[in-house]
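Have a look at the structure below, then the notes.
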Amino acid sequence: MPHLLFSLIVTGILIPLLAPFVRPYMPAFRSASYITMHFDSDTCTTAQTIKVDHAIHDVQAITRQALKDLDLIEPFLGDTNRLDARMREKGPQGENYRRLIYTYEMLFGIIDGRTSRSVLKARFDKVTALAQTSGVCLTDIHLSPQIRHVYSTFSNIRNLDLPIYCNDDPLLAAPHYGCQQAHDGAGRYVAAYIQQRHIDLDVLRIFKDEIIVICPSWFTTVSNTSLPTILTTTFPVPHTTLDAHPPPTNPPLIRHLDDIRTILPAFALLHELTHTRAVMGPHNAATDERGEDGGLAYGWDKAMMLGSRRPESALRNADSLALFAVSVALRGNDWSMGRARPAEVPAEWEVE
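Residue numbers (mature numbering (1 follows the signal peptide of the UniProt record, and there is no 0)): -24 to -1, 1 to 328.
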């Protein structure tokens, strides 16, 4: 076990193979860090590997949809008249703008025409700054570097190099805060402080390297529901319809984004991936922010409160990013209020 910990630290897990590049005067492509997620064969069974692999593909699909929707908002930042005109359009396109903008504002603050475009752009860029990936066609070569970063992030989150462990047995049973010399010729020290915690899902950082640990309870409590099933579903529906592990008595309807957390494995995985520097970049890893009550801003209500009181904190909050991406991906409903509403054009927005 100490040898495993040592090897993770010394050899380096995240090895970028391709550097970013942009072609001038053409639709730009950003290529960066073509790396791979892989499973630890000693801790992951075949069934566990399949479940996590499906969740990874779902995360990729969710972030790609978020990318497409964010592309709709960006041109209208700071231009109230154009934004209002889009929101008042009839039919599915207008409803999509309303749903998207309302959701964004609920989680990250108001897109106000009185606020300068530069301020709004800075806020928007932070929301979209999820991971360096590759092969994404940008629609505008004049996009800011931050926007380019977000576009590449959302498009191909599958291509990372993060080892996935399906239990934390290889870690220390108890914390050890002493240091020992690493005889690798570089005189580095190994701080063996990573311990077993038997939590559901976590990202652990060992010096510059990162691993994802998924503990057995996650596999037994989270449903096997996949994104394609949910995408074809109009909520609310009974828990028994989608959830392999519904509440034991009188299962309620799945009607809220917080309910989706219990049936979609990709939700928790997306949250954890936003914590990693491998996905978010070396300086943009999301945190778990605390709300006014001192508790973690998990779930729709606390994330919404964080966005209304402290938008800058919401931009760093992992759950806010996950909630936004999942809510815009589930297109069978309007989730802009956190609960499943019909995806239809509200009468008050119809233009005569």
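Positions of the beta carbon are idealized from the N, C-alpha and C atoms, including for glycine. All values reported here derive from a predicted model rather than from experimental measurement.
What is the residue span of the alpha helix (DSSP H) that I77 lies within?
Here the alpha helix (DSSP H) through I77 covers G67 to F84.
Assign residue 336 to one of two classes, buried (16 or more other C-beta atoms within 10 Å of its C-beta) or exposed (fewer than that).
Outside the shown range of the chain (-24 to 328) lies residue 336, about which nothing can therefore be said.
K27: buried (16+ other C-beta within 10 angstroms of its C-beta) or exposed?
The residue is buried, with at least 16 neighbouring Cβ atoms inside 10 Å.
Which residues in the same chain as A323 place their Cβ atom closer than 8 Å to its Cβ, once the five residues preceding and following it in sequence are excluded?
A caution first: A323 carries a pLDDT of 42, below 50, which makes its placement in the model unreliable, though a value can still be read off. Sequence-distant Cβ neighbours of A323 in its own chain, meaning closer than 8 Å and more than five residues away, do not exist here.
Using C-beta distances below 6 Å, list every residue in its chain close to A162, excluding the 5 sequence neighbours before and after it, in chain order.
Reliability fails at A162, whose pLDDT of 32 lies under 50, so the model's placement of it is uncertain and the value that follows must be treated cautiously. Once the five neighbours on either side are set aside, A162 has no close Cβ partner at all.
Taking A31 and P241 to be in contact with their CB atoms under 8 Å, please state how far apart those CB atoms are, rounded to whole angstroms.
Rounded to whole angstroms, the Cβ separation of A31 and P241 is 4 Å, and the two are in contact under 8 Å.
Where the beta strand (DSSP E) through I140 begins and ends:
Counting along the chain, the beta strand (DSSP E) containing I140 begins and ends at P139 to Y141.
Kindly indicate which residue of F15, T21 and D34 has the alpha-carbon position closest to the one of L207.
It is D34 whose Cα lies nearest to the Cα of L207.
Take every Cβ of the segment 283 to 291, pair it with every Cβ of the segment 79 to 87, and state whether three or more of those distances are shorter than 8 Å.
Because the criterion of three Cβ pairs below 8 Å is met, the segment 283 to 291 and the segment 79 to 87 touch.
M313: first and last residue of the uninterrupted alpha helix (DSSP H) it sits in:
No alpha helix (DSSP H) contains M313, which DSSP labels as neither H nor E.
Are there 16 or more other CB atoms within 10 angstroms of the CB of Q69, so buried, or fewer, so exposed?
Counting Cβ neighbours within 10 Å, Q69 comes out exposed, since fewer than 16 surround it.
In this structure, how does DSSP classify F211 when only helix, strand and coil are distinguished?
F211: coil per DSSP, three-state reduction.
Identify, in the order they occur along the chain, each residue of the same chain with its Cβ nearer than 6 Å to the Cβ of V198, setting aside the five sequence neighbours on each side.
Excluding the 5 residues flanking it on each side, V198 has same chain C-beta neighbours closer than 6 Å at P241, in chain order.
Is it buried or exposed for A220, if we count other Cβ within 10 angstroms and need 16 for buried?
The residue in question, A220, is exposed, as its Cβ has fewer than 16 Cβ neighbours within 10 Å.
Between the C-alpha atoms of V213 and R237, what's the straight-line distance to the nearest angstrom?
Spanning the alpha carbons of V213 and R237 requires a straight line of approximately 15 Å.
Go through its chain and collect everything with a Cβ distance to D310's Cβ below 6 Å, but skip five positions before and after it.
Scanning its chain for C-beta atoms nearer than 6 Å, with the 5 sequence neighbours on each side dropped, one finds around D310 the residues R75, R317 and A319, in chain order.
Is the CB-CB distance between T79 and V302 below 8 Å?
No; because the gap between Cβ atoms is not below 8 Å, this pair is not in contact.
Considering only C-alpha positions, which residue in the set I239, S284 and H259 is nearest to H215?
Nearest option by C-alpha distance: I239.
Nearest-angstrom Cα separation, counted from L229 out to L282
C-alpha separation (whole angstroms): 27 Å.
Beta-carbon spacing of A244, T252 below 8 Å
Contact: no.
Are the CB atoms of D277 and H247 within a distance shorter than 8 Å?
In this structure, H247 sits away from D277, with a CB-CB distance that is not shorter than 8 Å.
Per DSSP, which one or two residues make a beta bridge with R266?
DSSP, once it has assigned bridges, lists L272 as partnering R266.
Taking 8 Å as the threshold (C-beta atoms), are T19 and N143 in contact?
In this structure, T19 lies closer than 8 Å to N143 by Cβ.
Since G314 contacts L233 with CB under 8 Å, what's their CB separation in whole angstroms?
About 5 Å separates the beta carbon of G314 from that of L233, a gap short enough to meet the 8 Å contact definition.
Quick check: the Cα distance between H259 and P227, rounded to an integer number of angstroms?
Answer to the nearest angstrom: the Cα atoms are 42 Å apart.
Below 8 Å between beta carbons: does that hold for T205 and G308?
Note that the C-beta distance between T205 and G308 is not below 8 Å.
Please list the terminal residues of the continuous alpha helix (DSSP H) segment that includes V198.
Unbroken run through V198: none, as it is neither H nor E.
I'd like the span of the alpha helix (DSSP H) that includes S289, first residue to last.
Segment P287 to A290, the alpha helix (DSSP H) holding S289.
To which residues of the same chain is R62 closer than 6 Å at the C-beta, ignoring the five residues directly before and after it?
Apart from sequence neighbours up to five positions away, the residues of its chain that approach R62 with a beta-carbon distance below 6 Å are Y73, ordered along the chain.
Ends of the alpha helix (DSSP H) at R62?
DSSP places R62 in the uninterrupted alpha helix (DSSP H) bounded by T56 to M63.
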